[in-house]
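Asker: Those protein sequences? They're chains A and B, same order as listed. Residue numbers are given in this note's numbering: position 423 of the first sequence equals residue 423, and the series is strictly consecutive. Residue numbers are given in this note's numbering: position 85 of the second sequence equals residue 85, and the series is strictly consecutive.
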Amino acid sequence: MDIKKIDIKQYYKDQRRTEWRTDIRKTMKTKERVAMTRTKMLEQDPEIRNKNGLEVNLGLTEQLAMQEARRCIDCPDPTCISGCPVNIYIPKFIKKIEIGDFLGAAKIIKETNSLPAVCGRVCPQEKQCEAQCFYSIKLNQPPVAIGFLERFAADYEQNSGQMATPEVAESNGIKVAAIGSGPASLAWATDMARMGYDVTVFEALHEIGGVLKYGIPDFRLPNSVVDVEINNVKAMGVKFVTNFIVGKTASIEVLRERGFEAFFVASGAGLPRFMNIPGENFNGIFSSNEFLTRVNLMGAAKDDYDTPVSLGKNIAVIGGGNTAMDSVRISKRLGADRAMIIYRRTREEMPARLEEVEHALDEGIEFMNLNSPVEYIADANGRVKEMVLQKMELGEPDDSGRRRPIPIEGSEYKVPVDVVIVAVGVSPNPLIPKSVKGLETTKWGTIVVNDDFQSSIEDIFAGGDIVRGGATVILAMGDGRDAATGMDKYIQNKIKK
Amino acid sequence: MNKIISKEFFSENVFKMVIHAPDIAQSRKPGNFVIIKMGKKGERIPLTIAGANTDEGTIDLVVQIVGVTSHKLSKLNVGDTITDIAGPLGEATHIEKVGTVLAAGGGVGTAPLLPIVEAFKKAGNRVITVLAARNKDLLILEDQIRENSDEVIIMTDDGSYGTKGLVTHGMEEVIKREKIDLSIIIGPAIMMKFAALTTKKYNIKTLASLNTIMVDGTGMCGACRITVGGKTKFVCVDGPEFDAHQVDFDEMMMRLSAYKEDEAVAYENHIASLT
Chain A
1 MDIKKIDIKQ YYKDQRRTEW RTDIRKTMKT KERVAMTRTK MLEQDPEIRN
51 KNGLEVNLGL TEQLAMQEAR RCIDCPDPTC ISGCPVNIYI PKFIKKIEIG
101 DFLGAAKIIK ETNSLPAVCG RVCPQEKQCE AQCFYSIKLN QPPVAIGFLE
151 RFAADYEQNS GQMATPEVAE SNGIKVAAIG SGPASLAWAT DMARMGYDVT
201 VFEALHEIGG VLKYGIPDFR LPNSVVDVEI NNVKAMGVKF VTNFIVGKTA
251 SIEVLRERGF EAFFVASGAG LPRFMNIPGE NFNGIFSSNE FLTRVNLMGA
301 AKDDYDTPVS LGKNIAVIGG GNTAMDSVRI SKRLGADRAM IIYRRTREEM
351 PARLEEVEHA LDEGIEFMNL NSPVEYIADA NGRVKEMVLQ KMELGEPDDS
401 GRRRPIPIEG SEYKVPVDVV IVAVGVSPNP LIPKSVKGLE TTKWGTIVVN
451 DDFQSSIEDI FAGGDIVRGG ATVILAMGDG RDAATGMDKY IQNKIKK
Chain B
1 MNKIISKEFF SENVFKMVIH APDIAQSRKP GNFVIIKMGK KGERIPLTIA
51 GANTDEGTID LVVQIVGVTS HKLSKLNVGD TITDIAGPLG EATHIEKVGT
101 VLAAGGGVGT APLLPIVEAF KKAGNRVITV LAARNKDLLI LEDQIRENSD
151 EVIIMTDDGS YGTKGLVTHG MEEVIKREKI DLSIIIGPAI MMKFAALTTK
201 KYNIKTLASL NTIMVDGTGM CGACRITVGG KTKFVCVDGP EFDAHQVDFD
251 EMMMRLSAYK EDEAVAYENH IASLT
């Protein structure tokens with residue numbers, strides 16, 4: 001492992017010394033570079049976008065991208081890479097953008113990231129690569145907009161009609177399977193295919209993409225963008241089987257008999273949590289998973305789709321995470337006059353990305369912080385009509401390091417609602433752990449893995465939310481890549497024996 | 001895959017389809033269900049598996065036409081394929097030898113009841129089945145139920161066949177006559193509610209198989225949630241069978257009506273679009 005680290009540092013050094021990189025550094029003084037201001041993302045106007053389902057962020061123009069790329073000083077020790085769970089060679093791709101070789105930039109990103117157009121949109125870069133950028137850590141200035149640039153390169157490639165399919169090694173004929181087709185699986189499948197494995201991905205739903213499809217709305221990540229990336233994974237020879245619930249349609253045991261040598265479980269954190277307060281089962285109250293699945297995956301808001309969804313003038317979303325932001329912003333787009341976030345702490349403690357919170361505020365979302373529902377009241381038909389909120393105040397920090405919300409007795413009041421969306425978190429999907437005897441899990445139901453992402457059963461690996469319990473797309477993808485390395489090591493060792 | 005092998009109407013609104021789905025046919029157990037979806041814009045609906053043939057790799061679905069999706073399904077013909085079928089889902093019925101089993105099927109609920117009756121009979125139980133329908137024409141699978149039961153009691157609302165009366169009357173008659181060790185009830189929610197009240201009176205352990213609104217069917221969305229013994233449960237992964245005496249059937253009926261108006265409008269529009 002250490003040797004690998006030394007090698008990669010040396011590789012970065014050697015690469016940085018190549019002529020084109022040296023030349024480009026000479027075109028502008030570092031002092032001039034750092035004097036430039038960070039590019040702003042082009043956005044749809046809030047009052048227009050909150051009435052349509054189109055993407056909020058419009059991307060950068062070629063000119064803006066090249067301008068932003070110039071801000072990167074191409075550090076001798078690129079700390080940004082350490083902030084990236086899939087180790088994108090960030091300075092190299094940015095310098096490619098600076099010289100206008102956009103397809104070259106996309107190719108470099110895709111060496112380690114199979115879903116650049118996805119990551120460029122939904123990664124919390126501000127906590128990852130951009131947090132480790134020279135500007136952030138040394139200059140205390142806004143970092144290079146690495147995320148914007150990643151998205152730019154990926155979109156440019158998607159629109160160019162010249163998508164580069166990553167090269168794959170000669171087939172080794174060894175069959176491996178993934179369970180679930182979300183970001184962890186897609187990253188895993190790409191790496192396994194690259195190494196020459198015969199890769200099959202089993203998906204329980206009728207669509208490939210997992211949370212990228214059912215969870216994240218089109219205005220943040222269009223399904224068409226996801227499909228282009230999935231098609232690219234397909235072009236590498238990866239097979240996808242939909243409507244196949246491993247552990248139900250066929251067990252892992254049966255799949256072993258069908259010749260699969262190893263499995264990667266990436267079934268996600270699918271189970272919605274509820275608050276278990278009175279009236280929570282009234283009609284018009286959804287889990288965010290249900291609401292998002294109906295709208296994003298099933299097309300419920302479109303006239304010509306069969307799936308229905310309850311809507312209304314007053315929609316309350318309970319929670320302060322990204323899922324809550326997605327749900328409330330969809331509600332606004334689907335015609336809610338009052339789209340409310342009900343959150344028991346304050347903006348400071350909100351787990352949602354700052355960008356999402358700001359976008360929501362711009363779009364007219366009402367934030368009712370320091371509030372928590374304690375009961376729902378329905379009409380005679382069992383349809384929710386009011387929620388009883390209780391006011392909160394912040395006390396001492398709890399285990400999560402955030403200040404604990406404390407209910408204020410007697411502060412309850414009623415707010416009219418037509419729809420309530422409960423977005424207070426998810427639990428791991430128990431389907432696989434339940435169906436595989438001897439698979440070690442934690443008390444939270446997540447699968448226990450070692451450093452190679454191998455579970456207590458040697459041919460079963462796992463990653464993403466089924467291991468982490470609820471994290472991000474990019475962390476899941478990082479797990480997928482590491483699990484691919486671990487699985488390859490396991491299979492190669494087995495062959496040697 | 002998913003090809004329709006045969007199609008047979010039991011009555012005007014109830015039909016049986018045999019569908020080629022070899023993996024599901026192999027894995028399914030009594031009590032399991034599938035989710036089907038037709039076309040890109042279709043919705044996902046749960047349907048209980050009424051039987052399977054592992055040699056042929058087929059499953060049987062018995063469907064009542066109640067809305068857009070079931071109507072669309074009824075219009076498919078032998079040789080057509082169903083876009084998406086996922087399953088088998090849900091926990092299988094726990095089959096064991098308990099002694100005497102009182103099974104009760106209401107309307108189209110007789111279809112999912114059949115494999116369960118069959119399995120309890122095979123496990124060496126005495127099985128008495130009460131079948132109930134509004135009238136003779138709506139009674140389904142009588143012969144198959146008879147083959148797998150020691151005794152069958154037929155109840156119709158209008159007395160057009162068997163004894164006139166509700167399912168609970170037939171059940172109570174048996175309960176008063178002999179010792180029942182387990183009761184299984186499947187049918188409309190209102191029927192299950194009263195069947196459960198009947199067996200509760202006599203302290204008979206009773207299972208009900210519930211059919212609620214679902215989207216994914218794998219525990220992801222919670223659309224199917226109900227209250228059992230004061231706790232929220234998901235029918236898709238915790239069920240579909242529950243202790244009938246613990247189920248809040250009133251809440252279940254309320255939740256089943258969530259889209260009643262939308263569904264009625266959609267169905268009307270759908271029918272209008274066909275003419």
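Here a beta-carbon is modelled for each residue, glycine too, at the ideal position from N, C-alpha and C.
#1: Note the first and the last residue of the continuous beta strand (DSSP E) segment covering R404 (chain A).
#2: Give me the subset of the segment 232-262 of chain A whose CB atoms are less than 9 Å from a CB atom of chain B, sorted by chain position.
#3: Would P278 (chain A) be called buried (16 or more neighbouring beta carbons within 10 Å of its own) or exposed?
#4: Compare the Cα-Cα distances from P22 (chain B) to each of A:Q158, A:N296 and A:F244 and report the closest residue.
#5: Within its chain, find whatever has a CB closer than 6 Å to the CB of M1 (chain A); leave out the 5 residues flanking it on each side and keep chain order.
#6: From F264 (chain A) to P183 (chain A), what distance separates their C-alpha atoms?
#7: Expressed to the nearest angstrom, what Euclidean distance is found between the alpha-carbon atoms of R38 (chain A) and L149 (chain A)?
#8: May I ask you to list the residues that DSSP assigns as paired with F367 (chain A)?
#9: For chain A, is any of its Cβ atoms less than 8 Å away from the one on V18 (chain B)?
#10: Residues of the segment 376-404 of chain A in Cβ contact with chain B at a cutoff of 9 Å, in chain order, please.
#11: Could you check how far apart the C-beta atoms of I45 (chain B) and I59 (chain B) are, in whole angstroms? I think they sit under 8 Å.
#12: So, using beta-carbon positions, are N50 (chain A) and K332 (chain A) closer together than 8 Å?
#13: Do T100 (chain B) and K41 (chain B) come within 8 Å of each other at the CB atom, strictly closer than that value?
#14: Throw me the rounded Cβ distance for the G79 (chain B) and H20 (chain B) pair, which I believe falls under 8 Å.
#15: Could you tell me which chain B residues have their CB closer than 9 Å to the CB of L271 (chain A), listed as they occur along the chain?
#16: What are the partner residues of H20 (chain B), as DSSP defines its beta bridges?
#17: At least one CB of chain B closer than 8 Å to the CB of T307 (chain A): is that the case?
#18: On the DSSP bridge list, what partners appear for Q64 (chain B)?
#19: Which residues of chain A have a Cβ atom closer than 8 Å to the Cβ of D262 (chain B), listed in chain order?
#20: Of the choices B:T129, B:E8 and B:G39, whose alpha-carbon is the least far from that of D304 (chain A)?
#21: Does DSSP classify D150 (chain B) as helix, strand or coil?
#22: Does the segment 125-135 of chain A come within contact of the segment 194-207 of chain A, defined as at least 3 CB pairs closer than 8 Å?
#23: Label G463 (chain A) either buried or exposed according to how many other C-beta atoms from any shown protein chain fall within 10 Å of its C-beta, with 16 as the threshold for buried.
#24: Using the beta-carbon count (16 or more within 10 Å), is L139 (chain A) buried or exposed?
#25: What does T293 (chain A) reach in chain B if we use C-beta pairs closer than 8 Å?
#26: Should the segment 287-294 of chain A be regarded as contacting the segment 201-221 of chain B, the criterion being three or more beta carbon pairs within less than 8 Å?
#27: Look at the alpha carbon of L289 (chain B) and the alpha carbon of V63 (chain B), and state the distance between them as a whole number of angstroms.
#28: Enumerate in chain order the residues of its own chain whose CB-to-CB distance from K31 (chain A) is below 7 Å, with the five nearest sequence positions on each side excluded.
#29: From G312 (chain A) to A339 (chain A), what distance separates their C-alpha atoms?
#30: Mind checking which residues open and close the alpha helix (DSSP H) that includes A483 (chain A)?
#31: Pick helix, strand or coil for Q125 (chain A), following the three-state DSSP scheme.
#32: Between which two residues does the alpha helix (DSSP H) harbouring M192 (chain B) extend?
#33: Check each candidate in A:I252, A:D191 and A:D227 and name the one with the smallest Cα separation from F202 (chain A).
#34: How many Å lie between I4 (chain B) and T81 (chain B) at the Cα?
#35: Kindly identify the DSSP beta-bridge partner or partners of T30 (chain A).
#36: Does any residue of chain B have a CB that is nearer than 8 Å to the CB of F274 (chain A)?
Answerer: Short version:
#1: Unbroken beta strand (DSSP E) run through R404 (chain A): R403 to P407.
#2: T242, N243, F244, I245, K248, T249, A250, S251 and V254
#3: exposed
#4: A:F244
#5: For M1 (chain A), the pLDDT reaches just 36, beneath the cut-off of 50, and the residue's location in the model is therefore unreliable, leaving the point undetermined.
#6: 12 Å
#7: 12 Å
#8: A:I341
#9: no
#10: Answer in chain order: A378, N381, G382 and R383.
#11: Not a contact, Cβ separation roughly 15 Å.
#12: yes
#13: no
#14: That pair is no contact at about 11 Å.
#15: G219, M220, G222, F234 and V237
#16: B:T58
#17: yes
#18: B:V14
#19: P308
#20: B:G39
#21: Here D150 (chain B) sits in coil by DSSP.
#22: no
#23: buried
#24: exposed
#25: V215, D216, M220 and C221
#26: yes
#27: Residue 289 (chain B) lies beyond the stretch modelled for chain B, which goes from 1 to 275, so this question has no answer here.
#28: none
#29: When rounded, the distance between both Cα atoms is 10 Å.
#30: V473 to K496
#31: helix
#32: A189 to K201
#33: A:I252
#34: 6 Å
#35: None; T30 (chain A) has no bridge partner.
#36: Judged by the 8 Å Cβ criterion, F274 (chain A) is in contact with chain B.
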